[in-house]
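All residue numbers for the sequence shown refer to numbering that gives the first Met the number 0, where the first residue is 0 and numbers rise by one. First the structure, in the form of structure tokens, and then the observations on it.
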Amino acid sequence: MSVDLVRNIWGDDYFDFKFAAAIERSESLLTIWDKGRFSVDVEFYEKRFIVVEGKWVLEGKEVVLINVYAPNNLSAKKILWEEINGLRNQFSRAWIIGEDFNVVRNRSECINCSGIENGAKEFGEFINRCNLVDLPLLGKKFTWIGPDSKRSRLDRFLIEED
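Shown next as structure tokens:
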């Protein structure tokens with residue numbers, strides 16, 4: 000990913016970013032931040048997520064931001080959730096995890112979809128184990144629209160409860 004492309008997306012020159020290229024059938028990940036508002040201490044990426052640890056400059060709040068693209072396969076999702084949960088011991092700052100988890104939490108989060116709720120129970124257990132809160136959507140109810148009027152809430156932001 001070129002700096003010029005990210006600059007075009009961001010709109011000015013005062014930014015930094017972390018990019019993780021697509022692996023296997025996953026999507027690429029891009030995390031961009033305003034260098035004047037967010038001071039980064041640590042940044043790295045793994046197979047399906049980017050981690051950026053730092054501080055909101057004005058508030059002085061220290062956080063860990065994790066940008067996720069989960070696989071479609073349930074066993075691979077479970078591995079991803081365990082990898083993310085394993086990071087808890089490495090970081091003492093508040094967590095914000097977001098993007099595409101490729102799973103719904105219950106049947107009301109999907110229309111005309113079959114099997115998409117597979118893993119909902121395990122995903123809920125991951126959220127509870129990590130002491131996270133699933134933020135509600137404002138506006139539209141679904142984040143993905145597919146063929147045959149399929150709709151699902153696959154994208155979400157989870158924040159640490161404290």
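Yeah, the Cβ is synthetic: ideal placement off N, Cα and C, and Gly gets one too.
Check your understanding: When burial is assigned at 16 or more other CB atoms within 10 Å of the CB, is K76 buried or exposed?
Key -> buried
Exercise for review: State yes or no: is the C-beta of L157 nearer than 8 Å to some heavy atom of the ligand ZN?
Suggested key: Absent from the structure shown: the ligand ZN. Ligands present: none.
Practice item. For N117, write down the residues that DSSP places opposite it in a beta bridge. Key: For N117, which the question treats as bridged, DSSP gives no partner whatsoever.
**Study point:** Segment contact flag, the segment 53-62 with the segment 100-114, C-beta cutoff 8 Å, min 3 pairs
**Key:** no
Review point. Are F122 and W80 close, meaning C-beta to C-beta below 9 Å?
Key: yes
Check your understanding: Which of helix, strand or coil does DSSP assign to E81?
Key -> helix
Check your understanding: Which first and last residues belong to the beta strand (DSSP E) in which I8 is found?
Key -> No beta strand (DSSP E) contains I8, which is instead part of the alpha helix (DSSP H) from V2 to W9.
Review point. Taking the continuous beta strand (DSSP E) assigned at F18, which residues delimit it?
Key: F14 to A19
Review point. So, helix, strand or coil for I126, using DSSP?
Key: helix
Practice item. Return yes when the Cβ of K149 is within less than 9 Å of the Cβ of K111, no when it is not. Key: Before going further, note that residue 111 is Asn rather than Lys in the sequence given. Yes; because the gap between Cβ atoms is below 9 Å, this pair is in contact.
Check your understanding: To which residues of the same chain is V39 closer than 8 Å at the C-beta, ignoring the five residues directly before and after it?
Key -> D15, W32, V51, E52 and G53
Review point. With distances taken from CA atoms, which of E42, A119 and I65 is nearest S74?
Key: A119
**Study point:** Member of P146, I83 and V67 whose CA lies at the smallest distance from the CA of F156
**Key:** V67
Point to revise | Residue environment, A19, which counts as buried when at least 16 other CB atoms sit within 10 Å | key: buried
Exercise for review: Mark V2 as exposed unless 16 or more other C-beta atoms lie within 10 angstroms of its C-beta, in which case mark it buried.
Suggested key: exposed
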